[in-house]
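Order-wise, the sequence lines are chains A and B. Just so we're aligned: 210 in our numbering is position 209 of the first sequence, and the numbers increase by one with no gaps anywhere. Just so we're aligned: 187 in our numbering is position 147 of the second sequence, and the numbers increase by one with no gaps anywhere. This report refers to the structure that appears directly beneath it.
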Amino acid sequence: MIKYIAKRLLLMVPMLLGISLLTLLIMHLSPGDPTSLRYGLNPEVSGSARAQLKELYNLDKPFVVQYGCWLKRVVTLDFGRSFVDNRPVIDKIKERLPATLLLQISALLLIFSIAIPVGVLSAVKQNSFFDKVTTFLVFIGFATPTFWLALMLMRLFSFELEWFPVSGMSPWYAQYMSLPQRIGDILWHLVLPLVTLAFTGLASLSRYVRYSMLEVIRQDYIRTARAKGLAENRIIFKHALKNALLPVVTILGMTLPALIGGSFIFETIFAWPGMGRLGYMSIMQYDYPTVMGVGIISVFLTLLGILISDILYAAIDPRIRYE
Amino acid sequence: MKLKESKFFSSSSYTFKPSYIIEGMIMKTLFAITVSFLLFIFGFSFSFADDYGDAYVSGSLSDATILIPFLADDSASGGICGLVYNGLTKVDKDLKVVGDLAKSWEVSDDKLRIIFKLRENVIWQDGVEFTAEDVKFTFETILNPDNAVPYIASFQDIENIRVIDKHTIEFVYKKPYAPALLKLGMGIIPKHLFKGINIRDSKYARAPVGTGPYILDVWKTDQHMILNSYKDYFDGEPYISKYVERIIPDQAVQFLELITGGIDYMSLSPYQYKYRTETIKFNQRFNKYKYLAHQYTYIGYNLKDPMFSDKRVRQALSYAIDKEAIIEGVLMGLGEECSGPFIKNTYAYNDDVKKYPYDPDKARELLAEAGWEDTDADGILDKNGQPFSFKLITNQGNKQREDVATITQRNWQDIGIKVEVQTIAFVTFLKEFVDKRNFQALILGWTMPIDPDCYNVWHSETIKEGGLNFIGYNNPEVDKLIEAARGTYDISERAKCYQKIHALIAEEQPYTFLYFPYALPAVNKRFKGIVPAPAGISYDFINWHVPKAEQRYVF
Chain A
2 MIKYIAKRLL
12 LMVPMLLGIS
22 LLTLLIMHLS
32 PGDPTSLRYG
42 LNPEVSGSAR
52 AQLKELYNLD
62 KPFVVQYGCW
72 LKRVVTLDFG
82 RSFVDNRPVI
92 DKIKERLPAT
102 LLLQISALLL
112 IFSIAIPVGV
122 LSAVKQNSFF
132 DKVTTFLVFI
142 GFATPTFWLA
152 LMLMRLFSFE
162 LEWFPVSGMS
172 PWYAQYMSLP
182 QRIGDILWHL
192 VLPLVTLAFT
202 GLASLSRYVR
212 YSMLEVIRQD
222 YIRTARAKGL
232 AENRIIFKHA
242 LKNALLPVVT
252 ILGMTLPALI
262 GGSFIFETIF
272 AWPGMGRLGY
282 MSIMQYDYPT
292 VMGVGIISVF
302 LTLLGILISD
312 ILYAAIDPRI
322 RYE
Chain B
41 MKLKESKFFS
51 SSSYTFKPSY
61 IIEGMIMKTL
71 FAITVSFLLF
81 IFGFSFSFAD
91 DYGDAYVSGS
101 LSDATILIPF
111 LADDSASGGI
121 CGLVYNGLTK
131 VDKDLKVVGD
141 LAKSWEVSDD
151 KLRIIFKLRE
161 NVIWQDGVEF
171 TAEDVKFTFE
181 TILNPDNAVP
191 YIASFQDIEN
201 IRVIDKHTIE
211 FVYKKPYAPA
221 LLKLGMGIIP
231 KHLFKGINIR
241 DSKYARAPVG
251 TGPYILDVWK
261 TDQHMILNSY
271 KDYFDGEPYI
281 SKYVERIIPD
291 QAVQFLELIT
301 GGIDYMSLSP
311 YQYKYRTETI
321 KFNQRFNKYK
331 YLAHQYTYIG
341 YNLKDPMFSD
351 KRVRQALSYA
361 IDKEAIIEGV
371 LMGLGEECSG
381 PFIKNTYAYN
391 DDVKKYPYDP
401 DKARELLAEA
411 GWEDTDADGI
421 LDKNGQPFSF
431 KLITNQGNKQ
441 REDVATITQR
451 NWQDIGIKVE
461 VQTIAFVTFL
471 KEFVDKRNFQ
481 ALILGWTMPI
491 DPDCYNVWHS
501 ETIKEGGLNF
511 IGYNNPEVDK
521 LIEAARGTYD
531 ISERAKCYQK
541 IHALIAEEQP
551 YTFLYFPYAL
561 PAVNKRFKGI
571 VPAPAGISYD
581 FINWHVPKAE
591 QRYVF
C-alpha cells in the first residue's frame, strides 16, 4: 500500500510538469501580454515605458527561458511575484484559500447531508409522491442559473425582509467585534451563499445516490437479507446504503477542483473573497505568475484528492486491493 | 482606536431593523432645537465645527493593487493614493492648477525653470518633517529606468532637479513643457522610508505613508480597506473619521448594498439613475449627482484607407449619425454631445466649431459631391464600380460601444452605406487591429487627462507603430499648435492654440465625436458639504461632514 502511494506521488511530478508547461504555453498563445491590457490605450504611457516593464518581468526572453526560470523558482517553492501588484503569489493564494474552503466545504457538507437522505428515500419509495416532488425540485435547482438565484435571494431576504446581509464575508467593522460575535457574523453572512450553492448543486448527487441505491436494492444479497427477516431499516441503512455509497466516493474526488478553485461568477455576486475571483482576474490581467501559481496548486490538490479517494476505496471496499 | 459603541450593531441579535433611525430622529429634533436656540442667542450662522466623526463607506467594483502613486495604474489605486499622498500641485473644483504641497511657484522667463516654494507645516504620517529632498527623491525615482515607471514619458524632459533650501526646489527642463505643472502633481513619497530599497517590492506598496488626509489602517484584499483621518493634516483634520472602501464587484449587488445601508456611495449606471432611483424613498435617503465624466466616445476612421481620405466623406458620415438618438438610446439621455478632444467647459474646449447635426440629406449631398452615387440601383452607393461598404469594429465587453455600433450601422444604411459590425476581444482588438493599423473604422473612447496637451493622440509623431495616433491624422498646422501650446505657460495663449486645434479637427472629422457620458454618483444624504463642480464631487472630501445627530457609526 505504501509502495502504491509512493508510486502515485511520483507519477504526479511529470503530470505537474506537463500541466504547468501547458498553462504557460496557453497563456502565451493568447494575443497580447501583461502590458497591452493595462497600458495599450493609455496616452500617458509610452511605448518605451512598456518595453521597460516587459524587461522587468522577463517577458522579453524566449518562452523556454521564461518557463525554465519559473521552474527553477518553483522547485524551491517560490511562486514568484504577481505582475499586477508585485506581491508574492503564495501570499495572494494564502489569503484567498480560507474563504473558498470555508464556503465550499460547508456547501459540500450541506449538499451531502441533504442529497443522501433524499436520494435514498426516493429510491426506496420509487415513483411515490415524495420521489416525484424531490425529482422535480432538484431538477429545478439544477436548471436555475446561480447568479439569478443569488440575486433573487438577495432581493427577498436582504432587501425586502432584511434578514441577511447582501454580500461579503464579514463587514469592515468586524475588527471591533468580539471573537464569538465575529464567528456568528461570518455564519450569518454564509447563509445566502450556502443556500444558493446547495440548491443548485443538489441535483447530481441526489440523483446519483438514488440511481445507485436502486441498483443495490435489486441485488440478490438484499433479497437474502429480506428473506432472513431483517428489519427493513437495517436492510436499507446497513446493507444497501453502504454499497450504494461507493460511487459517491468518486464524486467526492471529482468535486475537489471546485472546492479549491471556487467559482468566479458566484464569488463576484456575493463579493466573496475567494480563489475563483483571483484565478479569473489573473487570467484576464495576463498575470502569468499568479495564473501559474493558482493552476499548479489547484492541480496538485486535485491530484491529491483523487489519490485520497482511491485509497478510501480500498478502505471501504474489501474487494479493491492496491499492489 | 476602539469601537466603544456602535448604534449599528450593538444590539445583541443580528437584525437589520434600524433602531438607530428612531433614536437618530429624536436626536435630530433635539439637535435642531439646540441649534436654533444657539442661532437665536448668538445670531450668527451655524458652523459645523464639531461635526467630526462617522465613517464614509464607498462601494468600488475593483480593489486597489499598489499604493505607490507613480506605479498605481488603475483607478481604484489612484483613488486611494489621492487620499494618502499629495503632489506639488492639484486641480481645484474648476479644474484650475493650484498648489498642494507647493505654496506657490514661479516659471523663469525662458520657461525652462520652475521654482516651487513648499509648505512648511507638512508632516509625514509617521511624524517626520516633509522637505524638498522628498520631492527630489520622488522624481529621481520616477526617472530611474530601473524602476520601469509607466508614466516616465511625462517627466523625461526634466534635465535637473535642484534643492535650493529645505522648502524650495527647482526643476530644470530641456525644453519648455507647460503640462509640467500638472504632471508634477504626482504624489510625493517619503525619502526616509524608500531610500535604498526596491520600490516595487517594498512593504509600503501596501502600507503607504504619505502626507495626505487619510492613513491606511486595514487592507483586506478584495474585501475592504479602512483609512483613518490624519489629525495633523496640513490642510486641517478631515471631518469624517474613517474612509472605508468596500469591494463589491457587481453593480446590481452594489445597488442592493446601497439601499440596505451597507455602503454610502456608489456610481450608478445610466439605467439605475433613470429607472431605479426615481422613487421618493430613494431620494429621501440619497443625493444623486450628475456631471460630465472626462471621457468621450468616438468613431475613428483609418485615414490611410482611400475610402476615408476625402474630408467630405468623413463629414457626410458624421452628418448621417443621429447623435441625439445615440445619447438617448445608449446613455438614457445621460450624456452630452461632443465636438472635439478636450474636456467640455474648460479653456481648451471651443464651443464655436463646426457641428454635425443629424442631416441625412446633407450627408447624401456631400457623398454625391465626392463621387459616391447609387449607379446600379442596389441601394448601396458606389464609385468606380466599388460599393461603399466597410467594417466597423469595436472591443468586446463594452455594451455601450456595441449599442453605438448597432445604431450607427442603421444610420449609415439609411444613406446607402453598407457596414459590417464586428466586436473583438479587447487585447486582440489592440494587438491585431489597432496596433497594426489594420482596420477601416472603429469605435473607442478616450479618458482625457486634466491638462489638455494632446500630443500623444493627435501629433503626427505618434502615427508610427505603438503610438496612439492610429488613425494616421497628419496635419502640420495641428502639430505646430500642439508644440506651441506646450511651449507657453500662459493659459490664454494655450487656450488659443487648443481652441484652434479643436476647430481644425472638427472641420476635418478624422473622428466622428459622439458623446461625453455623465458620471452618476449617489451619496447618502447624511453627508453634508458636497458641492458639485466641473471637477466632480470628491475634490474637497475633507470638508464633507455628518452632523453629530445623524452620524451612523460611533467610535
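We put the CB at the ideal spot given by N, CA and C, even for glycine. The structure displayed is predicted, hence computed values, not measured ones.
- Of the residues A/ILE106, A/PRO248, A/GLY254, the one whose Cα lies closest to the Cα of A/ALA199 is A/ILE106.
- It is roughly 55 angstroms from the alpha-carbon of B/TRP412 to the alpha-carbon of B/ILE154.
- Scanning B/LYS520, B/PRO427, B/ALA220 for the CA closest to the CA of B/ILE457 turns up B/PRO427.
- C-alpha of B/CYS121 to C-alpha of A/PRO274: approximately 23 angstroms in a straight line.
- Linking A/ILE298 to A/MET16 through their CA atoms gives a straight-line distance of about 13 angstroms.
- When the beta-carbon positions are compared, B/TYR92 and B/TYR279 come within less than 7 angstroms of each other.
- A/ARG51: member of the alpha helix (DSSP H) spanning 48 to 57, first to last residue.
- Secondary structure note for B/LYS520: it is in no beta strand (DSSP E), and the uninterrupted alpha helix (DSSP H) holding it is 516 to 526.
- Look at B/ASN268 here: in three-state DSSP terms it is strand.
- About 5 angstroms separates the beta carbons of B/VAL147 and B/TYR529, which is inside the 8 angstroms limit, making them a contact pair.
- For A/THR101 against A/ILE261, the beta-carbon gap comes to about 7 angstroms, under 8 angstroms, which counts as contact.
- Of the residues assessed, B/ILE255 falls on the buried side of the cut-off, its CB having 16 or more other CB atoms within 10 angstroms.
- Taking C-beta atoms as the reference points, A/GLY294 and A/VAL14 fail to come closer than 7 angstroms.
- The alpha carbon of B/THR448 has as its nearest neighbour, out of B/ASP519, B/ALA365, B/GLU523, B/LEU406, the alpha carbon of B/ALA365.
- Interface with chain A (7 angstroms Cβ-Cβ cutoff): B/LYS476 is excluded.
- Each residue's CA atom was taken as its position, placing B/VAL162 and B/ALA360 some 56 angstroms apart.
- Residue contact check for B/HIS499 against chain A: no CB pair falls below 7 angstroms.
- For the C-beta of A/SER299, not a single chain B residue is nearer than 9 angstroms; the gap to the nearest is close to 18 angstroms.
- Rounded to whole angstroms, the Cβ separation of A/GLY277 and A/SER264 is 5 angstroms, and the two are in contact under 8 angstroms.
- Neighbours of B/ILE503 in chain A, taken as residues whose beta carbon is under 9 angstroms from its own, are absent, since the nearest beta carbon is some 13 angstroms off.
- Under the Cβ distance rule, B/VAL444 does not count among the residues neighbouring chain A, no pair being separated by less than 7 angstroms.
- Here A/PRO319 is not near A/GLY81, since their CB atoms are 7 angstroms or more apart.
- Across the structure, B/GLN165 and B/ILE582 are spaced so that their CA atoms are roughly 16 angstroms apart.
- In this chain, the beta strand (DSSP E) harbouring B/TYR96 covers 95 to 100.
- Looking at the backbone, the Cα of A/THR135 and that of A/ASP86 are separated by about 48 angstroms.
- Each of A/THR145, A/THR24, A/ALA241, A/PRO194 was checked against the Cα of A/GLN220, and the nearest Cα belongs to A/ALA241.
- Under DSSP, the beta-bridge partners assigned to B/ASN564 are B/PHE326.
- A residue is called buried when at least 16 other Cβ atoms come within 10 angstroms of its Cβ; A/LEU72 does not meet this threshold and is exposed.
- Only ASP262, GLN263, HIS264, MET265, ILE266 from the stretch 262 to 273 of chain B bring a Cβ to less than 9 angstroms from some Cβ of chain A.
- For B/ARG159, the CB contacts under 7 angstroms within the same chain, skipping 5 residues up- and downstream, are LEU141, LYS143, PHE274 in chain order.
- Using beta-carbon distances, B/LEU482 does not count as an interface residue toward chain A, since no partner is under 7 angstroms.
- Residue B/ASP205 holds the alpha-carbon nearest to the alpha-carbon of B/VAL175 among B/ALA188, B/ASN187, B/ASP205.
- Considering only A/GLU56, A/GLU268, A/PRO99, the residue with the shortest C-alpha distance to A/PRO194 is A/GLU268.
- Under a criterion of Cβ atoms nearer than 7 angstroms, the residues of chain A adjacent to B/LYS471 are, in order, PRO32, GLY33, SER37.
- Chain-ordered, the chain A residues with CB closer than 8 angstroms to the CB of B/TYR191 read GLU45, VAL46, ALA50.
- When the Cα atoms are used, B/ALA247 and A/LYS243 turn out to be separated by approximately 55 angstroms.
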